[in-house]
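Colleague: Numbering (this note's numbering), first residue to last: 5 to 237.
Mind looking over this structure? Questions follow.
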Ligand code: 5RP
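Here it is as structure tokens:
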């Protein structure tokens with residue numbers, strides 16, 4: 005892992021929040037618990053710091069091949085989600101969070117497996133540096149995972165919803181699909197409604213709005229330390 009002296013200020017915040025998430029997670033699990041592991045640079049800090057406690061970890065499920073490989077390199081067991089009865093806690097980053105802890109995710113193209121893992125988890129802990137905190141979602145382009153043959157159809161439908169779809173060149177998801185990033189949707193409100201509408205377009209696998217299943221807890225890394233925020237309705 006990168007030494008602290010070479011971390012950028014943003015990465016130092018990600019690492020601080022990942023450490024707080026490890027402490028939080030260790031308090032939630034027992035010797036049978038399965039931990040859901042997200043994807044991205046903040047999740048990578050979490051994985052590396054969690055590895056220092058691997059003797060206490062019964063197993064994990066991962067939201068991407070990249071995270072599964074990183075966990076295995078640390079010697080942490082990774083299970084297929086279908087092989088576990090329960091995921092005690094899911095820990096993952098985000099591209100944006102609003103005060104309701106509704107999120108935009110999928111900057112790393114792992115949104116579908118992330119959404120599945122979040123759906124199964126009893127608790128969803130989101131970890132992010134302070135730059136991800138917004139009043140309203142939608143400045144970050146909304147990722148949509150699409151079956152490849154439906155790409156043009158889905159793009160036309162997204163324009164009808166007011167978005168500006170951009171095909172993410174050169175990216176194939178772990179599920180063999182493509183990503184369309186939808187620009188100019190800010191402010192997304194209500195987020196649940198847009199999440200449902202986009203998911204109803206034929207050919208969409210899922211979109212990166214996590215509003216129907218928001219985070220339960222957000223740990224936000226700021227200059228003043230790690231803030232723990234609970235969802236408000
Ligand atoms: C991957 C994700 C990530 O959680 C999101 O992109 C945040 O990444 P990072 O922790 O690198 O800022 O949704 O699909």
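A virtual CB, placed ideally from N, CA and C, is assigned to each residue, including glycine.
Computed from a predicted model, the values in this text were never measured in an experiment.
Is any heavy atom in ligand 1 found nearer than 7 Å to the beta carbon of residue 118?
Modeller: yes
Colleague: Kindly examine ligand 1 and report whether one of its heavy atoms sits closer than 7 Å to the Cβ of residue 109.
Modeller: yes
Colleague: My output table needs one value for residue 204: the three-state DSSP class, helix, strand or coil.
Modeller: The answer is coil: DSSP assigns residue 204 none of H, G, I, E or B.
Colleague: Near residue 125, what residues of its chain come up, given a Cβ to Cβ distance below 8 Å and the 5 sequence neighbours on each side ignored?
Modeller: 40, 91, 92, 93, 94
Colleague: Could you tell me which residues DSSP puts in a beta bridge with residue 132?
Modeller: 224
Colleague: Whose C-beta lies closer than 8 Å to the C-beta of residue 170 among residues of the same chain, with five residues either side of it excluded?
Modeller: 145, 184, 185, 186, 187
Colleague: Give the straight-line distance between the Cα atoms of residue 2 and residue 161, rounded to the nearest whole angstrom.
Modeller: Residue 2 lies beyond the residue range present for the chain, which begins at 5 and ends at 237; the question has no answer from this structure.
Colleague: Evaluate the contact criterion for the stretch 48-61 versus the stretch 11-23: three or more CB pairs, one atom per stretch, below 8 Å.
Modeller: Counting C-beta pairs closer than 8 Å gives three or more between the stretch 48-61 and the stretch 11-23, which meets the contact rule.
Colleague: Where does residue 101 land, buried or exposed, given buried means 16+ other C-beta within 10 angstroms?
Modeller: buried
Colleague: Compare the C-alpha of residue 174 against each of 106, 27, 163, 113 and name the closest.
Modeller: 113
Colleague: Locate the alpha helix (DSSP H) running through residue 28, then write down its first and last residues.
Modeller: Counting along the chain, the alpha helix (DSSP H) containing residue 28 begins and ends at 13-32.
Colleague: How about residue 107 and residue 219: do their beta carbons lie closer than 8 Å?
Modeller: yes
Colleague: Got a sec? Which residues, its chain only, sit under 7 Å from residue 195 by beta carbon, not counting five neighbours each side?
Modeller: Excluding positions up to five away in sequence, the list reads 106, 141, 213, 215.
Colleague: Would you report the Cα separation of residue 182 and residue 157, rounded to the nearest angstrom?
Modeller: 13 Å
Colleague: Closer than 7 Å: is that where the CB of residue 193 sits relative to any heavy atom of ligand 1?
Modeller: no
Colleague: Compare the Cα-Cα distances from residue 61 to each of 159, 76, 155 and report the closest residue.
Modeller: 76
Colleague: Let me know the secondary structure DSSP gives residue 108 once reduced to three states.
Modeller: strand
Colleague: Should residue 103 go down as buried or exposed, given a rule of 16 or more other Cβ atoms within 10 Å for buried?
Modeller: exposed
Colleague: CA-CA distance, residue 46 and residue 67?
Modeller: 13 Å
Colleague: Roughly how many whole angstroms lie between the Cα atoms of residue 192 and residue 166?
Modeller: 11 Å
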